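Beneath this line is the structure, given in structure tokens, with notes to follow.
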Amino acid sequence: MSRQLQVLGVARSWRQCRTKYKNLKYNYKSTRKQPGTSGMDRSMKFYRELEAIMQGRDLRGLCVSRVGVANSGQNWQEEEVQALLLVWAEEPVRRRLEQATRNRSIFLHISQQLQALGVGRNWRQCRTKYKNLNATSPSVSTWATSSWVGQSPAATQPNTPHSSPMPDSSNSMMIRFPADSHIFGCVFVPVLAPVPLEITFSSEMASASELKIGKKLNEGKTKEIYELPDQPGHVLVQSKDQITAGNAVRKDQMEGKAAISNKTTSCVFKLLQDVGIKTAFVKQHSDTAFVAAHCEMIPMEWVCRRVATGSFLKRNPGVKEGYRFSPLKIEMFFKDDANNDPQWSEEQLLEARFCLAGLDIGRCEVDVMSQSTVAIFEILEKAWATQNCTLVDMKIEFGVNMVTKEIILADVIDNDSWRLWPAGDRSQQKDKQVYRDLKEVTPEAMQMVKRNFEWVAERVELLLEPQSRGRVVVLMGSTSDLAHCERIRSACGVFGIPCALRVTSAHKGPDETLRIKAEYEGDGVPTVFIAVAGRSNGLGPVLSGNTAYPVINCPPLTPDWGAQDVWSSLRLPSGLGCSTVLSPDAAAQFAAQVLGLNDHLVWAKLRASMLNTWISLKRADKKLQGCSL
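Residue numbering for the sequence shown follows full-length UniProt numbering, beginning at 1 and increasing consecutively.
Shown next as structure tokens:
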């Protein structure tokens, strides 16, 4: 929802969208319960619109122009709420909001749509407003009926001329009337039209007809950046078939490279986004282009190295090729083609005092980029290891999001960005270094380079799939512990881990407990058992003594006897290796850490969570010191 609102010019995050969504539903419920008032007499603002949404009437094309609300504060302005209602009314959004469990992504979509309308609300505010608007109705639908539209003088086109040309109803969302009209300023007018307004989620593929390409904003050696007039805050990144080396001293055309590079970049960014890394990537648009958040690029290349090779050996004589960096080696290079991208120190970057998209690049921002570079490399290194490939080194770039003003991973990550050695063998390298090493560029040599690029593009798709899918099995002593177990299952879902809940008592039915244990041992799926038993915990110790699988005790302690009951999980006979974790969330995280040893996607989500926690603490510290974020 936040993303969709950004398209409409409303700068609200997903948190703000969620909060506003809740508030609107709550206010609607309270207003509807007022005795002795009919629908037309309700005093709540936007009651008619909400009433239409609740009654399940479909929205037909709605005309509104960009809201353009500046410096939006905690309280939502009227135009912002109107934009939120528009996004809410759409069928894809409405369907997801009707589900029992609504996740962050739908409200982020709404918030970004609002930002496009000029409404700066985050996803939480959108969610709260939505819930308050829709508190009483079991179904979420759309707008006012034609009878309601007919009651509004704005529903029909006035005879007076417009102060500006009437916008096309398929693209705009607000009608502006002249000041001497009976309607002043901007009003929100539902208008029936034969074609419904479509909302495209980031996970969907856009066709060429859906994007209006604007002017070229920038062009590099291998890609072009275009403005998207209909999607404020977004750009189109178009890859080219050109391959270069040595700051374009050598350059050649390689047919099909644009599609190969675009596929590689899209898969890598999808992987990183799925695990929780913030990137500029929005969606793949075509075989050779993708849509991204508009960023002002930070003119630095961040290079992360695991194995010493290439230019590092020239700059550090005496270091042998193959030297392994633990921890990773981080280097920075200032993007300056005229001077061959000189290496910079951290101090040089700080003293440059860059200010990009209104964000000053200081100590906090440099540390965020440095930590993010390490985390991104480790995630991709772990992923490529599943394909028996060594990620030797990698270069990435960051940008400042023009809308959110935060630093995110930007540019591209394709086969030009790294060194890949299958089985750790340099002679089998599949990256652009093969092209750099060519003594003579021939058609046969270019075909070999292309085959290497295609090999990487095929393998990179496999990185999105788990190589070893594990699970968590929660065994509870009775259904009275169900709420505690549901928290564990919910926390497992954050890491994408399937979680099964079973009821069994090691005291009252040890044979059934061991039968359930054998059931999950027999199918060969990596499993972590979590035992949830209050009072005297026999479940965890019995499981631990009869299986080689990891067992975690997570007793639901009570205030009265908890201090005594916990000892049945802590003081155990010798030969039992079960651990005890009191928090349901921590128990799920511990299980994820066990399963993440053999599942790179689970491990990557844990690593991204660590990074995001570190960044939030860093920014909180900066804010506490009185610095603007």
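Glycine residues also receive a C-beta, built at the ideal position from the N, C-alpha and C atoms.
Note that the structure is predicted; figures quoted are calculated from it, not measured.
Inter-residue spacing [alpha-carbon to alpha-carbon] between LYS216 and ILE408
Position 216 of the sequence shown holds residue 216. Position 408 of the sequence shown holds residue 408. The alpha-carbon atoms of LYS216 and ILE408 are separated by roughly 22 Å.
Quick check on the burial criterion: 16 or more other C-beta atoms within 10 angstroms. Buried or exposed for THR558?
The sequence position of residue 558 within the sequence shown is 558, counting from 1. Per the 10 Å Cβ criterion, exposed.
Below 8 Å, can you find three or more Cβ-Cβ pairs linking the region 248-268 to the region 283-290?
yes
With a threshold of 16 other CB atoms inside 10 Å of the CB of GLU80, please say whether the residue is buried or exposed.
By one-based count along the sequence shown, residue 80 stands at place 80. By the 10 Å Cβ count, GLU80 comes out buried.
If you drop the 5 nearest sequence neighbours on each side, which residues of the same chain put their C-beta closer than 8 Å to that of GLY322?
The count along the sequence shown starts at 1 and reaches residue 322 at position 322. Here the set comprises VAL307, ALA308, THR309.
May I have a chain-ordered list of the beta strand (DSSP E) segments no shorter than 3 residues that lie completely inside the region 257-292?
281-286
Return the chain-ordered list of same chain residues with a C-beta closer than 6 Å to the C-beta of LEU133, the five sequence neighbours on each side being excluded.
As a working mapping, residue 133 is identified with position 133 in the sequence shown. Closer than 6 Å at Cβ, skipping near neighbours: LEU24, LYS25, TYR28, LEU50.
Is ASP411 helix, strand or coil when you go by DSSP?
Locating residue 411 in the sequence shown gives position 411, counting from the first residue. Coil at ASP411, not helix or strand.
Just how far apart, CA to CA, sit ASP241 and MET254?
The residue labelled residue 241 in the question sits at position 241 within the sequence shown. The residue labelled residue 254 in the question sits at position 254 within the sequence shown. Cα to Cα, the separation comes out at about 5 Å.
Looking only at C-alpha atoms, which of GLY214, PRO550, ILE488, GLY256 sits nearest to VAL449?
If you number the sequence shown from 1, residue 449 lands on position 449. It is GLY256 whose Cα lies nearest to the Cα of VAL449.
Cutting at 8 Å between CB atoms, please list the residues of its own chain near GLY493, excluding the five before and the five after it.
If you number the sequence shown from 1, residue 493 lands on position 493. Cβ within range, chain order: CYS499.
Short Cβ contact (9 Å threshold) for VAL602 with PHE529:
Sequence index remark: in the sequence shown, residue 602 carries index 602 (1-based). Sequence index remark: in the sequence shown, residue 529 carries index 529 (1-based). No, the pair does not count as a contact, with Cβ atoms beyond the cut-off.
Distance, ASP523 Cα to ILE225 Cα:
The residue you call residue 225 lines up with position 225 of the sequence shown. The residue you call residue 523 lines up with position 523 of the sequence shown. About 50 Å.
Helix, strand or coil: how does DSSP classify TRP421 here?
Taking the sequence shown and counting its residues from 1, one reaches residue 421 at position 421. Of the three classes helix, strand and coil, the one that applies to TRP421 here is strand, per DSSP.
Which of helix, strand or coil does DSSP assign to GLN429?
By one-based count along the sequence shown, residue 429 stands at place 429. DSSP places GLN429 in coil when its eight states are reduced to three.
Short of 7 Å in beta carbon distance, which residues of its chain neighbour VAL503, apart from the five on each side in sequence? Order them along the chain.
Against the sequence shown, residue 503 aligns to sequence position 503. The residues are MET476, SER478, THR479.
Apply the 10 Å Cβ neighbour rule to GLY534 and answer buried if 16 or more other Cβ atoms are within range, or exposed otherwise.
Against the sequence shown, residue 534 aligns to sequence position 534. It counts as buried.
Could you tell me the alpha carbon to alpha carbon distance between ILE615 and GLU519, rounded to whole angstroms?
For the purposes of this step, residue 615 is identified with residue 615 of the sequence shown, where counting begins at 1. For the purposes of this step, residue 519 is identified with residue 519 of the sequence shown, where counting begins at 1. If you take the alpha carbons of ILE615 and GLU519, they lie about 42 Å apart.
State the Cα-Cα distance for the pair GLN467 and ARG607, rounded to the nearest angstrom.
If you number the sequence shown from 1, residue 467 lands on position 467. If you number the sequence shown from 1, residue 607 lands on position 607. Their Cα atoms are separated by approximately 18 Å.
Using the rule of at least 16 other Cβ atoms within 10 Å of the residue's Cβ for burial, across every protein chain shown, is PRO584 buried or exposed?
In the sequence shown, residue 584 corresponds to position 584, counting from 1. Per the 10 Å Cβ criterion, buried.
Return the chain-ordered ranges of every alpha helix (DSSP H) run that is complete within the region 441-472 and spans a minimum of 4 residues.
443-462
Considering only DSSP beta bridges, list what TYR226 is partnered with.
Counting from one through the sequence shown, the residue named residue 226 turns up at place 226. BP columns for TYR226 point to LYS216, LEU236.
Counted within 10 angstroms of its Cβ, other Cβ atoms place LEU86 as buried (16 or more) or exposed:
What you label residue 86 is simply residue 86 of the sequence shown in a count that begins at 1. Buried is the call here.
Do ILE516 and VAL473 have their beta-carbon atoms positioned less than 9 Å apart in this structure?
Counting from 1 along the sequence shown, the entry for residue 473 is found at position 473. Counting from 1 along the sequence shown, the entry for residue 516 is found at position 516. Yes, these two residues count as a Cβ contact at 9 Å.
Run of the beta strand (DSSP E) containing THR244, from where it starts to where it stops
Start at 1 with the first residue of the sequence shown, and residue 244 comes out as number 244. Per DSSP, THR244 belongs to the beta strand (DSSP E) from 242-245.
Buried or exposed for VAL140, going by 16 or more other Cβ atoms inside 10 Å?
The count along the sequence shown starts at 1 and reaches residue 140 at position 140. Annotation note: pLDDT 38 at VAL140 (below 50); position unreliable, coordinate value reported separately. That one is buried.
6 Å Cβ shell around PHE269 - same chain, five flanking residues per side excluded
Translated into the one-based positions of the sequence shown, residue 269 becomes position 269. These residues qualify, in order along the chain: THR279, PHE281.
Just how far apart, CA to CA, sit ARG18 and LYS131?
Translated into positions along the sequence shown, residue 18 becomes position 18. Translated into positions along the sequence shown, residue 131 becomes position 131. When rounded, the distance between both Cα atoms is 8 Å.
In whole angstroms, what separates the C-alpha of CYS304 from that of LYS623?
Against the sequence shown, residue 304 aligns to sequence position 304. Against the sequence shown, residue 623 aligns to sequence position 623. One C-alpha to the other measures close to 29 Å.
Throw me the rounded Cβ distance for the PRO556 and ASP481 pair, which I believe falls under 8 Å.
Counting from 1 along the sequence shown, the entry for residue 556 is found at position 556. Counting from 1 along the sequence shown, the entry for residue 481 is found at position 481. With 8 Å as the limit, PRO556 and ASP481 qualify as a contact, their Cβ atoms being about 5 Å apart.
DSSP three-state assignment for ARG32, whether helix, strand or coil:
On the sequence shown, position 32 is the one that residue 32 refers to. It is helical.
If you draw a straight line from the alpha carbon of GLN113 to that of ILE106, how long is it in whole angstroms?
By one-based count along the sequence shown, residue 113 stands at place 113. By one-based count along the sequence shown, residue 106 stands at place 106. About 11 Å.
By how many angstroms is the C-alpha of ILE330 removed from the C-alpha of ASN415?
Stepping through the sequence shown from its first residue, residue 415 is reached at position 415. Stepping through the sequence shown from its first residue, residue 330 is reached at position 330. Whole-angstrom Cα-Cα distance: 20 Å.
LEU97 and TRP14 closer than 9 Å at C-beta
What you label residue 97 is simply residue 97 of the sequence shown in a count that begins at 1. What you label residue 14 is simply residue 14 of the sequence shown in a count that begins at 1. Cβ distance not < 9 Å, so LEU97 and TRP14 don't count as in contact.
What do you reckon, are the CB atoms on GLN6 and VAL93 nearer than 9 Å?
Taking the first residue of the sequence shown as position 1, residue 6 is located at position 6. Taking the first residue of the sequence shown as position 1, residue 93 is located at position 93. Not closer than 9 Å, so no.
Would GLU406 pass as a contact of LEU359 if the rule is Cβ separation under 9 Å?
Here residue 406 corresponds to residue number 406 of the sequence shown, with the count starting at 1. Here residue 359 corresponds to residue number 359 of the sequence shown, with the count starting at 1. Going by C-beta atoms, GLU406 is nearer than 9 Å to LEU359.
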